[in-house]
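Chain order of the listed sequences is A, B and C.
The opening residue of the first sequence carries number 14 in the working numbering; numbering runs sequentially from there.
The opening residue of the second sequence carries number 67 in the working numbering; numbering runs sequentially from there.
The opening residue of the third sequence carries number 46 in the working numbering; numbering runs sequentially from there.
Glycine included, each C-beta is placed from N, C-alpha and C at the ideal position.
A short worksheet on the structure shown next.
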Amino acid sequence: MTELPERTDRKLGLVIDLDTCVGCHACVVACKGWNTENYGAPLADADAYGADPVGAFLNRVHSYEVQPESGPAQLVHFPKSCLHCDDAPCVTVCPTGASYKRGEDGIVLVNEADCIGCGLCAWACPYGAREMDPAEGVMKKCTLCVDRIYNENLAPEDREPACVRTCPAGARHFGDLGDPESAVSQLVESRGGMDLMPEQGTKPVNKYLPPRPKDDQIDVLAPLLEPVAEEPRGFLGWLDRALEKL
Amino acid sequence: MTRTEPALDTSPKVSDEVRKTTCYMCACRCGIDVHLKGGKVAYIEGNRDHPVNRGVLCAKGSAGIMQHLSPARLRAPLKRTGPRGSGEFEQISWDEALELATSWLKPIRAEAPEKLAFFTGRDQSQSFTGWWAQAFGTPNYAAHGGFCSVNMAAAGIYTMGGAFWEFGQPDWERTKLFMIFGVAEDHDSNPLKMGLGRLKERGAKVIGVNPIRTGYNAVADEWVGITPGTDGLFVLGLVHCLLKAGKIDLDYLALWTNAPVLVNEDPASPEHGLLMRTGDGKEMVIDRRTGRPAPYDGKGVRPDLAGKLRRAGVTHRSVFQHIAARYLAGDYAPEVVGPKVGLSPDGIRRIAAELAHVAFDQAIEIDQPWTDFRGERHETMTGRPVSFHAMRGISAHSNGFQTCRALHLLQILLGSVETPGGFRFKPPYPKPATAHPKPHAGVIPGQPLDGPHLGFVHGPEDLLVDESGKPKRIDKAFSWENPMSAHGLMHMVISNAHAGDPYRIDTLFMYMANMAWNSTMNTGGVMKMLTDTDENGDYVIPRIIYSDAYSSEMVAYADLVLPDTTYLERHDCISLLDRPICEADAVADAIRWPVVEPDRDVRGFQSVLIDLGARLGLPGFVNEDGTPTYADYADYIVHHERRNCVGPLAGWRIGEGGHTHGRGHANDAQLDEYIRNGGFWMEHVPDEALFYKPWNTAYQDWAVEKGFYDRPQPYLFSLWSEPLRRFQLAAEGKTHRQPPEHLRPRIKATLDPLPIWYPPLEDGHADPVEYPLHALTQRPMAMYHSWGSQNAWLRQIHGRNPLFVPTKVWEAHGFADGDWARLSSAHGEIVVPVAHMAALNENTVWTWNAIGKRKGAWALDPNAPEATRGFLLNHLIHELLPPKGDGLRWSNSDPVTGQAAWFDLRVKIEKVKAPDEAYPVTTPQASPVGRGPKTVRQKVGK
Amino acid sequence: MHPAPSLIAFSTLSGLGFGLLAALGLGFPAVTGWTALVFFVVAFALAGGGLMSSAAHLGHPERALKAFTQWRTSWLSREAWLACAALGGMALYAALLVLGGVRVALLGWLGALLSLATVGATSMIYAQLRTVPRWHHWSVPALFLAYAVTGGTLLAGQVTAAVGLLMLTGLGQFLAWRAADRRVAASGTDIGTATGLGARGAVRSFEPPHTGGSYLTREMVFVVARRHATKLRSIALVLAFVVPAVLLLLPFSHVLAALAVLSHLAGVLVQRWLFFAEAEHVVGLYYGRQFG
Ligand SMILES: Nc1nc2c(c(=O)[nH]1)N[C@H]1C(S)=C(S)[C@@H](COP(=O)(O)OP(=O)(O)OC[C@H]3O[C@@H](n4cnc5c(=O)[nH]c(N)nc54)[C@H](O)[C@@H]3O)O[C@H]1N2
Ligand SMILES: Nc1nc2c(c(=O)[nH]1)N[C@H]1C(S)=C(S)[C@@H](COP(=O)(O)OP(=O)(O)OC[C@H]3O[C@@H](n4cnc5c(=O)[nH]c(N)nc54)[C@H](O)[C@@H]3O)O[C@H]1N2
Ligand code: SF4
Ligand code: SF4
Ligand code: SF4
Ligand code: SF4
Ligand code: SF4
Ligand SMILES: [Mo]
């Protein structure tokens, strides 16, 4: 059903902290593992042990260098999966209705049984969040682990996306971005969370927390050290005085 | 029209069963939940209750299923049929394999046990494999620590009774400023990331000191892109600034370190530079209350940092005065240090100021009374919330031992070791060097060795050399070349055995080490040594037995291959007798157990060693009637006792009234208890014992109760290291045992009892003008050494590795994307693809470690990118330094510990036309396991 | 974008086919009987064959019928309906014409409209994509239609009109390329907005997420060297427009006309190859591709 819901009851999504992500790819592989065994067809790998392996992944971690006007270059690790856009162009282009956005929580999904593998939705997504499965010929994308977050066979604390649960640095947060009181909304508020490619008009639900100021952009609070003595001999004098006070 | 959405089952069944065991996709040993469907592994996630990872899992851990199902898994024992290195084998039965091994080993044991060299690489069962080797009677045993991080371990233990790495951790919950030196990933990889995450959450500041700004250094708030090999100088520059400003913790230094201990200052004395001691060996200080000398641990003693004493015509001054004299000198002034380390003098001053500010102006206090070993009660615990961590960026240089000591000196001057907010030991550490065994090499044919192989020496008399000074071990550990080589020197075994220096061996027996490839220096040379024949056409190293689980490069060089299981198919024991998995707050150990049965004719290596031990009749492995003592490794884990009531596992032993933890009798159901508890045992350190552990009576008593040691052993941190000084005294000709002439100057210069810095040794051998660049490797977080490439998921992340080149060099050589370069060292050359990186020290190039593969290895297509574009830097690194014209070949190791100096490498770069493949092109090895399938679609459920 | 042969063939052939159908629907040429049959067979073969070849692009062609369901939002779905309607309408029109010799002009006009609407819908599949700035413009449907009409006119043997249209469309294409080049550079989307890091400094891609390939890198991160593009553009203009126009201006012969058609077809194929190959998808920014 490729009409977008007028509004969704909740806006579930991820908040990714670029200040904390160390680029370890744990989320990439946890996602691959969960979604290979769960939702839809397994995420296949073509030429898996060969010269040109190509597999389907729902989450990939890029890295970028940023050269500020002054100071050394910075490196930012940058995980990227579906942003579960409010105005999801991938949904409206889909000719079969396989792509849809859930009214209850805003999750964008592909109903694989309806997908003809035309690839149009992947073209429509600015973020590269959709990948055709090389073996099954259906479109794959982040499900926001819809089969974990409500899963009553999992302990309540495990009802979160696989990538969030596994992230060793705690750089990934999951919650309702439609609720201004939620922990994720608060985080976005306090850290200046941002949209990717806002000019594309997709209104992404997922937000990115920018890296904090670095290097000489930081205010240093520590006063420079005053010497107590320049000389070993003078130092021993200071030491004696200091020890007296102990 | 109303929207309709497809029906969706949001509560599918996750698995039939969860089995909890321990990950072994790397050495971090996280707890995992293995989900099974229909008895097959369906999904692996982190165990939330586990002390190491608390539920998180890294990329490798999550890809464990692909490792477990790897097409490169060995299937049965293999006997070589083709020439060494060809990879041609026949499969044989276990009986045949074990008989063959026994027939090779039995005569060696009876005649010359040292002719067996048993080295065990990536071993997590060293207390067991070492015990086997001891029973066999060969002195030639060690694991991989010598080429890995012994500088770190030894410097830490000699200085403060514990080290970075697995022996301690920053107080993540309280630290406010964290400095991390030379770390890309480390062993404690998940805990480090979790810790960094906590710091970020709390807004604590992180300073990364590393020539390369990736990973941890990318998230650091401040980056110090230091010149490789100069950290020691940088740190001593900080020490200089702090001393000059009096920003040091005098109380801490006086009470808990040997800073107030008196040093003999008489150059004529045979004890020159040694510490003044009481008759029963206790260090002496001046007691400020009386102004008179006293043993350091007397009740109520107030040790005087400015103490001075003249006794029997000899002047003694406190260690602290030596420290002040040395580091206040102009050599360590920021103006002098800055240019050498690649930092501005003001930058050094500013970091020193920040350290001082946080340590002293932002000190914290915990309301927790405790009592010290002098019997004094303290109402609170004072915290210095600055903490440090370091790893191989410091360790893998030939000045790494002293650099690491310098860093410990800095920590200790700030009073930030074992105090809240600082660096904390993990039980069973702290444990001073003197509480560790000394190394042994006493060989009697047919008998066990006279004691454990590895340990800590305290002076020349502990060296393993004969009267003529000749090393007793094949790797020359504990010899004058590297006297304090606490972990052995695995990287020298093959070249020494090949050269017959110090002697020839018969059988090289290795386990879990890819020594024909990525864990060796001089890879091409080593491949040649392994295949080299003598005048009779026999191999120079006559026999090679190797245990691996996968079709690695090393497998191709073995005569007999003992196939191991994967980590999900065997028993293992992560023991307090080995490398602990503890946290600073808790003691813990863990097991692995067969969560699935192997579907191949493979056996857990430790069980195979138990079988071999019995076949060889080794003491401890057979009963009096000659029957095997242990059925298998599981049986050993449960029933072996190392000391009275202390066994491999501490949890669920049997005491007076049922279960007890720590000390206790064997419990037949122990493994079941571990399995019931998620694969591990853990017990919290009592609150009163959480900090100040080396001096805290409550901790010491608890440690004895748990069986870490047999009596309380409080000690002082050794800012002044006497063992080092004893070797110097020998080099000065003042002791009975003396080093060979050519080593005297080097020992005098480098085994200084106070931390020093000297340029990496390769700088003095390779011409720095000819080879202007430093070349480094980093571990990719998503790959474990050579293992990852067989993993269908991981190899897509890192299937090839470019050489990263800094902007200045990139532009000077006119490089563009897609270009290739020739990289040469004094030892060799490689031709590799390049990529540009700006966040990089301007004189450094680097690449990801161990991505390159030999063609045909790991069940990969010979045209796999790993084999055609991937490469190793190891071809450029030699185990010996370039000749210097003095007729000697110096080893490329730290002169103190023998640590392999991987990162001293100097190179030059030239742009070349893109070749078809990276150079050197290796000849393919045959694959004894065939090739992997074309497509992988792993799904167990429907 | 990856220039998939199936998509190039589809858009080229179906464009020509529907163009011809539109011409026939409008009564150019006003054929009947067997001649009409030949024209219609050619038109249906081109339009239908094009549609079939587009199915080769699908992961699950057997589910193609599902593509009819989402006409309210999806241009691809609309294209499917329009194509069926156009083919159906024109089939009826053709049947009446060929078998009955009756020309229902109204039906013809409707069929022509539907045929052009189909081409329009096809073009909207591309033009709607904000993610491909080169495509996201009214000139894309305009040109698709112009190509269809020109090709249709040419195939329909309307020499004078064809010469005029060839010149116009050729000029239109030339101008559109120039405008598109500027538009891409000015799209406002760059690696800075893609990563949100633009305000901090100059951003460049350091390492791709995987050294291995992916659907994205194969499908969307395709690049043609600029020098090749310029050369191919010239070739496309010459083959698609200049050569046919010149041939048509020569004294008429069936051989020359056939050559003109073939040259045009070849030129359009090159143009379509470029249409895909030159199109920069914004996702390329994440992989370090630069626009403009
Ligand atoms: N250039 C460069 N070289 C380096 C380094 C560097 O930084 N730069 N680092 C060095 C360091 S610190 C180290 S520790 C070494 C590491 O190098 P290695 O110790 O050689 O490590 P691995 O590549 O992990 O290889 C270990 C072998 O164990 C096998 N194995 C894996 N799992 C099992 C199992 O369950 N059972 C058995 N029996 N075998 C198994 C693998 O197949 C592999 O053949 O590399 C060193 N080499
Ligand atoms: N994912 C993964 N984890 C692993 C391993 C693995 O292969 N993969 N291997 C394990 C093993 S065996 C080990 S030993 C540990 C090692 O873990 P690390 O100590 O993190 O080892 P390296 O990756 O070699 O990183 C060395 C770092 O030191 C930096 N460096 C080099 N020279 C200098 C210097 O002079 N000064 C400073 N300040 N920095 C310098 C390098 O840039 C690099 O970042 O990791 C363990 N953990
Ligand atoms: S797991 Fe966390 S730290 Fe690692 S790459 Fe993903 S987001 Fe970054
Ligand atoms: S990120 Fe892409 S796939 Fe996900 S909702 Fe937005 S447009 Fe669709
Ligand atoms: S690939 Fe599947 S989900 Fe995507 S647009 Fe086509 S039919 Fe819809
Ligand atoms: S939410 Fe689930 S599907 Fe989406 S990236 Fe994370 S693990 Fe993958
Ligand atoms: S760090 Fe990763 S690979 Fe290592 S034990 Fe933990 S989960 Fe396994
Ligand atoms: Mo290591």
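Where DSSP assigns a beta bridge to residue i, which residues make up the other side?
i, result
"B/Ile-110", "B/Val-100"
"B/Asn-330", "B/His-382"
"B/Met-245", "B/Ile-273, B/Phe-454"
"B/Glu-341", "It is worth fixing the name first, because residue 341 of chain B is Leu in this sequence and not Glu. Its beta-bridge partners are B/Val-329."
"A/Met-207", "A/Tyr-221"
"C/Ser-250", "A/Tyr-77"
"C/Tyr-171", "Beta-bridge pairing links C/Tyr-171 to no other residue."
"B/Lys-374", "B/Arg-383"
Can you give the Cα-Cα distance for residue i and residue j, rounded to whole angstroms?
i, j, result
"C/Tyr-66", "C/Ala-54", "What sits at residue 66 of chain C in the sequence shown is Leu, not Tyr. For C/Leu-66 and C/Ala-54, the distance between alpha carbons rounds to 18 Å."
"C/Leu-319", "C/Pro-74", "32 Å"
"C/Leu-261", "B/Asn-256", "30 Å"
"B/Phe-194", "B/Leu-642", "12 Å"
"B/Val-668", "B/Ser-613", "11 Å"
"B/Gly-679", "B/Glu-162", "16 Å"
"B/Lys-172", "B/Gln-513", "12 Å"
"B/Arg-570", "B/Met-593", "18 Å"
"C/Ala-125", "C/Met-169", "13 Å"
"B/Tyr-282", "B/Cys-89", "22 Å"
"A/Gly-130", "C/Met-97", "15 Å"
"B/Tyr-39", "B/Arg-658", "The structure shown does not extend to residue 39 of chain B, since chain B spans only 67 to 1008, so no value can be given for it."
"B/Ser-784", "B/Asn-743", "40 Å"
If we call anything under 8 Å between Cβ atoms a contact, is residue i one with residue j?
i, j, result
"A/Gly-230", "B/Ala-905", "The sequence given here places Gln at residue 230 of chain A; Gly does not occur at that position. Not closer than 8 Å, so no."
"B/Leu-102", "B/Gly-112", "no"
"C/Trp-183", "C/Leu-71", "no"
"B/Ala-769", "B/Trp-747", "no"
"B/Leu-842", "B/Ile-975", "no"
"B/Asp-1009", "B/Ile-611", "Since the first residue shown for chain B is 67 and the last is 1008, residue 1009 of chain B is missing from the structure and cannot be characterised."
"A/Ala-142", "A/Ser-112", "no"
"A/Ala-69", "A/Glu-144", "yes"
Contact defined as beta carbons within less than 8 Å: I believe residue i pairs with residue j. What is the distance between those atoms, to the nearest angstrom?
i, j, result
"B/Gln-190", "B/Ala-93", "7 Å"
"B/Asn-857", "B/Ile-917", "No, B/Asn-857 and B/Ile-917 are not in contact; Cβ-Cβ is about 12 Å, not under 8 Å."
Chain C contacts from the segment 163 to 192 of chain A (Cβ-Cβ distance under 9 Å): Answer set for the segment 163 to 192 of chain A: empty.
If the cut-off is 9 Å on Cβ atoms, which residues from the segment 849 to 866 of chain B count as contacting chain C, listed in chain order? Going along the segment 849 to 866 of chain B in chain order, one finds Arg-861, Gln-862, Ile-863, His-864, Gly-865, Arg-866 with a Cβ nearer than 9 Å to chain C.
Review point. Listed from N- to C-terminal order along the chain, which residues in the segment 931 to 957 of chain B have their beta-carbon within a distance smaller than 8 Å of any beta-carbon of chain C?
Key: If you check each beta-carbon in the segment 931 to 957 of chain B against every beta-carbon of chain C, the ones closer than 8 Å belong to Pro-931.
*Between the segment 218 to 239 of chain A and chain B, which residues of the former have CB atoms less than 9 Å from a CB of the latter, in chain order?*
Taking 9 Å as the upper bound on Cβ-Cβ separation, chain B lies near residues Pro-224, Arg-225, Pro-226, Lys-227, Asp-228, Asp-229, Ile-231, Val-233, Leu-234, Ala-235, Pro-236, Leu-237, Leu-238, Glu-239 of the segment 218 to 239 of chain A.
Members of the segment 52 to 81 of chain A that neighbour chain B once the beta carbon cut-off is set at 7 Å:
With the criterion set as a beta carbon lying under 7 Å from some beta carbon of chain B, the members of the segment 52 to 81 of chain A are Pro-55, Ala-57, Asp-58, Ala-59, Asp-60, Ala-61, Tyr-62, Gly-63, Ala-64, Pro-66, Gly-68, Glu-78, Gln-80, in sequence order.
Q) Just by C-beta distance, which residues in the segment 123 to 138 of chain A are closer than 9 Å to chain C? A) The segment 123 to 138 of chain A vs chain C, Cβ under 9 Å: Ala-126, Asp-127, Cys-128, Ile-129, Gly-130, Cys-131, Gly-132, Leu-133, Ala-135, Trp-136, Ala-137, Cys-138.
**Q.** Where the segment 145 to 158 of chain A meets chain B: residues whose CB sits under 7 Å from a CB there
**A.** So the close ones are Ala-148.
Practice task
Taking only beta carbons into account, state which residues of the segment 234 to 257 of chain C come closer than 8 Å to chain A, listed in chain order.
Solution key: For the segment 234 to 257 of chain C, the residues whose beta carbon sits under 8 Å from a beta carbon of chain A are, in order, Thr-234, Ile-236, Thr-238, Ala-239, Thr-240, Gly-241, Leu-242, Arg-245, Gly-246, Ala-247, Val-248, Arg-249, Ser-250, Phe-251, Glu-252, Pro-253, Pro-254, His-255, Gly-257.
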